[in-house]
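Novice: Heads up: the sequence shown is residues -21 to -1, 1 to 175, going by mature numbering (1 follows the signal peptide of the UniProt record, and there is no 0).
Just so you know, even glycine gets a beta-carbon here, dropped at the ideal spot from N, CA and C.
Just so we're clear, the structure is a prediction, and the values are computed from it rather than from any experiment.
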Amino acid sequence: MLTRRLSAALLAGAIAAPVSALPVTAQAAEYVIDTEGQHAFIEWRINHLGFSWLYGRFNDFEGSFEYEDGSIEDASVEVTIDMASLDSNHAERDKHLREADFFHVKEYPEATFKSTGIESTDDGFVITGDLTMRGVTKEIEIEAEKVGEGEDPWGGYRAGFHGTTTLTLKDFGIDYDLGPAATTAEVTLSVEGVRQ
C-alpha cells in the first residue's frame, strides 16, 4: 500500500511539474537585411576581353536570415533581387544587360536565393542554396564568414556577414558571346541584418 501511495505521489508530482523545468531549445533569431540604411550590398564583376574587370551591382533587393550565435548550421537565409536595379555605371550597357540577350528583366523581373543548408569550415562556412534567375533554378554554394555582431547605437542588435560565389552564365541561359574570358561572373555579398 505504501509503495502504491509513493508511486501515485511521484506521478502526480511529475504531472504537476512546471513547464519551465523542461529543457528549452534555443530558437534562432530573425534578422532583416538592412537595405534601407544602405548597409548591404550585392556586387559582381566579369572579365572584359581578358584585359580588365567590369564591375556592377544590384541596387534594390531585400531579404532576411535566421541565426543564433554558435549554431551556424541551423541558420537560413532568403533574398529577393530586383533585376531591373542592375547598375554597371553605364546606361547603354545596363539597358542591354536588362534585355533578352542577358537577364531578360521584362520576362524575369526578380531573382531569388533560398538556402538549403549551411556547413562550417576552417575559414568560416559554406551556404548551399537554390538560386533562381532568368527562370532557371540552380544549386549554388556561397563561401561566407561572419564579420561581427552586437548592439548598435540606436538600441538594436545587428549581425553582419560577407560571402562570395562564382556563377556560370550558361547555367542560367545566358549564352551571349562575350569571349572565353567572360563565361563566369564573380558575386560578392555583404549584408548587415537587424534583429527583430
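Taking 6 Å as the cut-off, does the CB of A164 come closer than this to any heavy atom belonging to the ligand SAM?
Specialist: Absent from the structure shown: the ligand SAM. Ligands present: none.
Novice: What did DSSP end up calling A138 once you bin it into helix, strand or coil?
Specialist: strand
Novice: Measure the C-alpha to C-alpha separation of A(-5) and D150 and round it to an integer number of angstroms.
Specialist: With a pLDDT of 44 at A(-5), under the threshold of 50, the modelled position of that residue is not reliable, and no figure is offered here.
Novice: Take E57 as the anchor and find which of T100, T147, D156 and A90 has the nearest alpha-carbon.
Specialist: A90
Novice: Terminal residues of the continuous beta strand (DSSP E) containing L33?
Specialist: Element bounds for L33: S31 to F37.
Novice: Please state whether the Cβ-Cβ distance between I25 and A161 is less than 7 Å.
Specialist: yes
Novice: Going by DSSP, name the residue or residues bridged to I12.
Specialist: G172
Novice: Give the single residue among G114, S64, H141 and T147 whose Cα lies nearest to the Cα of G103.
Specialist: H141
Novice: Can you find the residues in the same chain that come closer than 7 Å, C-beta to C-beta, to S64, ignoring five residues on each side of it along the sequence?
Specialist: Sequence-distant partners of S64 (beyond 5 residues in either direction) whose C-beta falls short of 7 Å from its own C-beta, in its chain, are F37, N38 and D39.
Novice: Please list, in chain order, all residues of the same chain as L168 whose beta carbon is under 6 Å from its beta carbon, the five residues on each side excluded.
Specialist: I21 and G142
Novice: Pick from Q6, G42 and A8: whose alpha carbon is nearest that of A19?
Specialist: G42
Novice: Under the assumption that I97 contacts A54 (Cβ atoms under 8 Å), give the Cβ distance between them as a whole number of angstroms.
Specialist: 5 Å
Novice: What is the C-beta distance between Y155 and F81, in whole angstroms, given that I count them as a contact (C-beta under 8 Å)?
Specialist: Under the criterion of beta carbons closer than 8 Å, Y155 and F81 qualify as touching, at roughly 6 Å.
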